[in-house]
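Following: one structure in structure tokens, then a few remarks.
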Amino acid sequence: MAIRFGAAGLRRGRGFATLINVRRDCELVAVCDLNRERAEQVAREVGCKAFDDYDAFCAADLDAVVIVTPPSTHLACTRKAMAAGKHVLCEIPVVMSLEEADDLLETVRRSGRIYMAAENVNYFPIVQEMHRLVREGRIGRIAFAEGEYIHDCRHIVFDRDDGLGGGTHDAPSWRGEFEDIRYCTHELGPLLLMIDEPIASAVCSIGAAPAQRYPGEVRAAAATFQTSGGRVIRELRASSIAKQPEFHFLGVYGTVGAIETNRYRWYEELMLYTEAEGKTQTIPCSLTHADAPPEASAGGHGTSEYYMIGDFIQAIINNEPPYLDVVRGLEMTVPGICAAESGRRGGIKINVPTYR
Numbered sequence: 272m273a274i275r276f277g278a279a280g281l282r283r284g285r286g287f288a289t290l291i292n293v294r295r296d297c298e299l300v301a302v303c304d305l306n307r308e309r310a311e312q313v314a315r316e317v318g319c320k321a322f323d324d325y326d327a328f329c330a331a332d333l334d335a336v337v338i339v340t341p342p343s344t345h346l347a348c349t350r351k352a353m354a355a356g357k358h359v360l361c362e363i364p365v366v367m368s369l370e371e372a373d374d375l376l377e378t379v380r381r382s383g384r385i386y387m388a389a390e391n392v393n394y395f396p397i398v399q400e401m402h403r404l405v406r407e408g409r410i411g412r413i414a415f416a417e418g419e420y421i422h423d424c425r426h427i428v429f430d431r432d433d434g435l436g437g438g439t440h441d442a443p444s445w446r447g448e449f450e451d452i453r454y455c456t457h458e459l460g461p462l463l464l465m466i467d468e469p470i471a472s473a474v475c476s477i478g479a480a481p482a483q484r485y486p487g488e489v490r491a492a493a494a495t496f497q498t499s500g501g502r503v504i505r506e507l508r509a510s511s512i513a514k515q516p517e518f519h520f521l522g523v524y525g526t527v528g529a530i531e532t533n534r535y536r537w538y539e540e541l542m543l544y545t546e547a548e549g550k551t552q553t554i555p556c557s558l559t560h561a562d563a564p565p566e567a568s569a570g571g572h573g574t575s576e577y578y579m580i581g582d583f584i585q586a587i588i589n590n591e592p593p594y595l596d597v598v599r600g601l602e603m604t605v606p607g608i609c610a611a612e613s614g615r616r617g618g619i620k621i622n623v624p625t626y627r
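Numbering (this note's numbering), first residue to last: 272 to 627.
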């Protein structure tokens, strides 16, 4: 029997709705958005029921909910969905404070339902290739890792059409409401996958403004994290820098080698250096998985989200937590919260809570 899905938040979530709708192992039966017109439009496109009331949406005959609403609403939406007996796939960051982190952990454990953090970069083929090389021992034990996410979002920070108020000449959208470093999961998710240790402490410097107060304002933040095993991770986040194309950069440096992505062709090639060979080789990659069916690209971001949703579905079928469960969702989110606090307090060291 196909798992019955609902998708909430239909700007970013429109891609999820489209992708779920073309899959053969699940059924999209409802969509929800505070903008009634948008909800009805997407519902017509995919052939399902439209809601503009989230409580009514959660009460519908659904097995699972995909939450793609603004981050400030993620916890509340998760709590309501799980109280209604639904499994949850939630966009990142999964929470916005340490108090919310504790609440989310308790909510998921009490519910008995499957929860998964929707970190799609973990599913990019280039990240999976990096992980394979690390698992094979090609670079030895990782000692240092770094990640960068540079994405000029100035043109959309004040494009607020989320049903929560504000607008182009008023309050910023969620992208401008908090420090860039809090949106750290696109790098920490993949790096923690390869290191397999939680972060224990954070130190951060926040440049310019912590939040986007007016169009054109420049923001950037750099953080240094240390894992429970003593490994060091550096992350740079900037969402209002004049740089094209936008990119993710990942680098892992071990005892006998190193792997890096290419900043200008970041999803297309890896550079692998090993002491044994004494040279760097280039490994071609792609945004699409070689074995992906044609419909796997329907949601955008290559084929990553097709496989991410597939893992969520398998977790529900098997009644077993996915790799990106609530603990790992918190482990990739909470360090950014602590780093932001460090930046606000002049760069002091902040201990990061553990959730294992």
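All residues carry an ideal CB built from backbone N, CA and C; glycine is no exception.
query                                                                                                                           : result
Straight-line gap, E506 to C455 (C-alpha atoms, nearest Å)                                                                      : 8 Å
At least three beta-carbon pairs within less than 8 Å, the stretch 374-393 to the stretch 453-467                               : yes
Beta strand (DSSP E) runs wholly inside the stretch 301-360, at least 3 long, in chain order                                    : 320-322, 335-338
Beta carbon of Y544 nearer than 7 Å to that of T551                                                                             : yes
Straight-line Cα distance separating E308 from K357                                                                             : 25 Å
Closest by C-alpha distance to Y535, when choosing among E546, G528, H519                                                       : H519
Contact set for A547: own chain, Cβ-Cβ below 6 Å, skip 5 residues either direction                                              : none
Residue from I588, A301, E419 whose Cα sits closest to the Cα of E316                                                           : A301
Interface flag, F415 vs chain D, CB-CB below 7 Å                                                                                : In the structure shown, chain D cannot be found, because there is only a single protein chain.
Whole-angstrom C-beta distance between Y394 and Y578, which should lie under 8 Å                                                : 5 Å
Supposed close pair A416, V523 - CB separation, criterion 8 Å                                                                   : 5 Å
Delimiting residues of the beta strand (DSSP E) encompassing P555                                                               : 550-555
Contacts around R283, its chain only, beta-carbon distance under 6 Å, and the 5 residues preceding and following it disregarded : V339
Expected contact under 8 Å - CB spacing of A509 and D451 to nearest Å                                                           : 6 Å
Whole-number beta carbon distance between E311 and F276, since they are thought to touch under 8 Å                              : Going by Cβ atoms, the distance from F276 to E311 rounds to 18 Å, so no, they are not a contact pair.
Cβ-based burial, N292 [other Cβ within 10 Å; buried from 16]                                                                    : buried
CA-to-CA distance, R406 to I274, given in whole angstroms                                                                       : 33 Å
Closest residue to A561 among Q399, D374, I466 (Cα-Cα distance)                                                                 : Q399
Buried versus exposed call for R214 [16 or more other C-beta atoms within 10 Å across all chains shown]                         : This structure cannot settle anything about residue 214, because the visible part of the chain is limited to 272 through 627.
For C475, three-class secondary structure by DSSP                                                                               : strand
F276: first and last residue of the uninterrupted beta strand (DSSP E) it sits in                                               : 274-279
Closest Cα partner of I621 within the set R409, G286, A473, E419                                                                : A473
Residue interval of the alpha helix (DSSP H) (run including E612)                                                               : 597-615
H560, DSSP secondary structure in three states                                                                                  : coil
Contacting residues, own chain, Cβ-Cβ under 7 Å from V598 (five flanking each side not counted)                                 : Y626, R627
Close Cβ partners of I584 (< 7 Å) along its chain, the five nearest in sequence each way excluded                               : I274, D296, C297
Per-residue burial, M465 [other beta carbons within 10 Å of its own, 16 or more giving buried]                                  : buried
Burial state of D334, where buried means 16 or more other Cβ atoms lie within 10 Å                                              : buried
Straight-line gap, A330 to P592 (C-alpha atoms, nearest Å)                                                                      : 24 Å
Euclidean distance between Cα positions of V366 and G549                                                                        : 44 Å
Among H422, P564, A321, the one whose alpha carbon lies nearest that of Q515                                                    : H422
Inter-residue Cα distance where the pair is E531 and H457                                                                       : 15 Å
For I588 and L290, believed in contact at Cβ under 8 Å, the rounded distance                                                    : About 18 Å separates the two Cβ atoms, so there is no contact after all.
Distance between beta carbons of L601 and L375, contact taken as under 8 Å                                                      : 7 Å
Coarse secondary structure for T498, derived from DSSP in three states                                                          : strand
Sequence-distant residues of its chain with Cβ nearer than 7 Å to E468 (five each side left out)                                : T498, S499, G500, R502
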